[in-house]
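**Student:**
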Amino acid sequence: DTAVSQTPKYLVTQMGNDKSIKCEQNLGHDTMYWYKQDSKKFLKIMFSYNNKELIINETVPNRFSPKSPDKAHLNLHINSLELGDSAVYFCASRFRGDTEAFFGQGTRLTVV
Amino acid sequence: QKEVEQNSGPLSVPEGAIASLNCTYSDRGSQSFFWYRQYSGKSPELIMFIYSNGDKEDGRFTAQLNKASQYVSLLIRDSQPSDSATYLCAVKGRVTGGGNKLTFGTGTQLKVEL
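In the order they appear, the protein sequences are chains A and B. Using the working numbering, the first residue of the first sequence is number 1, and each one after it goes up by one. Using the working numbering, the first residue of the second sequence is number 1001, and each one after it goes up by one.
Spelled out as structure tokens, the structure:
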């Protein structure tokens, strides 16, 4: 009955590989986000989708591509992984205009 | 200038004391302000939000907002060791500019010592 769930929780992969992280929310929210948290705990927004439509796309390399098949899912695909991509990636969701954003448990990505 | 600024700490307070966490933001048109708590290895969880100037109290937590000074703070009374965590300040931008964007500060690490 997890509200926002991400898979996998841990991901260790080699440079140059392509990987995906999946996110699903069962809260009925219409807005979903991807955030990246670096080693210094800075939580930076990457993308935001509202009802499957991309509404925020921060300065993120083209290697990162979000996909929202429906408003309950927002996946993140990363091509040609680099060492600097190592971080914790958080998915979050909320109602547009509502207060609280609920976060998933995070995916710790380690690129070696 | 960072959009949301916090002192990274660590801020150490003795058990039972008041912990004061501060945050400043650059966008004068910001609408809403949030405090999230993040334990090590866990996801952020919302503890307070505030929209209007002044104080908002919830149990041991008080959020204070001063839009003229572009300043928001969080006070934790009777601090407990379980309050030891990183506290993230988040600001929601104006509707026309930032849409639904929540911008986070770098967080302040709080340590409550026995």
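For each residue, glycine too, the CB sits at the ideal point set by N, CA and C.
Between the Cα of residue 33 of chain A and the Cα atoms of A:109, A:91, A:100, which residue gives the shortest distance?
**Tutor:** Of the candidates A:109, A:91, A:100, the one whose C-alpha sits nearest the C-alpha of residue 33 of chain A is A:91.
**Student:** Along chain A, which residues have their Cβ under 8 Å away from the Cβ of residue 1044 of chain B?
**Tutor:** In chain order: 43, 90, 103.
**Student:** Does residue 1104 of chain B have its Cβ less than 8 Å from a Cβ in chain A?
**Tutor:** Judged by the 8 Å Cβ criterion, residue 1104 of chain B is in contact with chain A.
**Student:** Along chain B, in chain order, which residues have C-beta atoms closer than 7 Å to that of residue 40 of chain A?
**Tutor:** Those within 7 Å of residue 40 of chain A in chain B are 1106.
**Student:** Ignore the nearest five residues each way along the sequence and tell me which others in residue 1025 of chain B's own chain have a CB closer than 6 Å to its CB.
**Tutor:** Excluding sequence neighbours, residue 1025 of chain B sits near 1004, 1070, 1091.
**Student:** If we ignore side chains and look at the alpha-carbon of each, how far apart do residue 58 of chain A and residue 12 of chain A end up?
**Tutor:** Their Cα atoms are separated by approximately 25 Å.
**Student:** So, does the CB of residue 1088 of chain B fall closer than 8 Å to a CB anywhere in chain A?
**Tutor:** Output row for residue 1088 of chain B: interface = yes.
**Student:** Evaluate residue 1081 of chain B with the Cβ neighbour count: other Cβ atoms within 10 Å of its Cβ, from every protein chain shown; 16 or more gives buried, anything less gives exposed.
**Tutor:** The residue in question, residue 1081 of chain B, is exposed, as its Cβ has fewer than 16 Cβ neighbours within 10 Å.
**Student:** Near residue 1058 of chain B, what residues of its chain come up, given a Cβ to Cβ distance below 7 Å and the 5 sequence neighbours on each side ignored?
**Tutor:** Excluding sequence neighbours, residue 1058 of chain B sits near 1048.
**Student:** Going by C-alpha distance, which of B:1015, B:1029, B:1085, B:1041 is nearest residue 1035 of chain B?
**Tutor:** Measuring from the Cα of residue 1035 of chain B, the nearest candidate turns out to be B:1085.
**Student:** Can you name the residues of chain B whose CB is closer than 8 Å to the CB of residue 115 of chain A?
**Tutor:** It is not possible to answer for residue 115 of chain A, since the shown part of chain A is limited to 1 through 112.
**Student:** Return the bridge partner residues of residue 1066 of chain B from the DSSP annotation.
**Tutor:** The partner list for residue 1066 of chain B (beta bridge, DSSP) reads B:1071.
**Student:** Which residues of chain B have a Cβ atom closer than 7 Å to the Cβ of residue 106 of chain A, listed in chain order?
**Tutor:** Within 7 Å Cβ-Cβ: 1043.
**Student:** List the whole-angstrom C-beta distance separating residue 1102 of chain B from residue 1020 of chain B, where the pair is believed to meet the contact cut-off of C-beta under 8 Å.
**Tutor:** Incorrect: roughly 23 Å between the Cβ atoms, too far for contact.
**Student:** Secondary structure at residue 83 of chain A, three-state DSSP: helix, strand or coil?
**Tutor:** DSSP places residue 83 of chain A in helix when its eight states are reduced to three.
**Student:** Nearest by alpha-carbon distance to residue 52 of chain A: which of A:29, A:86, A:105 is it?
**Tutor:** If we check each option's Cα against that of residue 52 of chain A, A:29 comes out closest.
**Student:** How many whole angstroms separate the CB atoms of residue 93 of chain A and residue 16 of chain A, which I take to be in contact at a CB cut-off of 8 Å?
**Tutor:** Between residue 16 of chain A and residue 93 of chain A the Cβ distance is about 31 Å, and since that is not below 8 Å, they are no contact.
**Student:** Would you list the one or two residues that DSSP bridges to residue 1078 of chain B?
**Tutor:** Answer by DSSP bridge pairing: none, since residue 1078 of chain B is not bridged.
**Student:** If I measure Cβ to Cβ from residue 43 of chain A and keep anything under 8 Å in the same chain, skipping five residues before and after, which residues do I get?
**Tutor:** Taken in chain order, the residues that qualify are 35, 36, 37, 90.
**Student:** Establish whether the CB of residue 24 of chain A and some CB of chain B are separated by less than 8 Å.
**Tutor:** By this cut-off, residue 24 of chain A is not an interface position.
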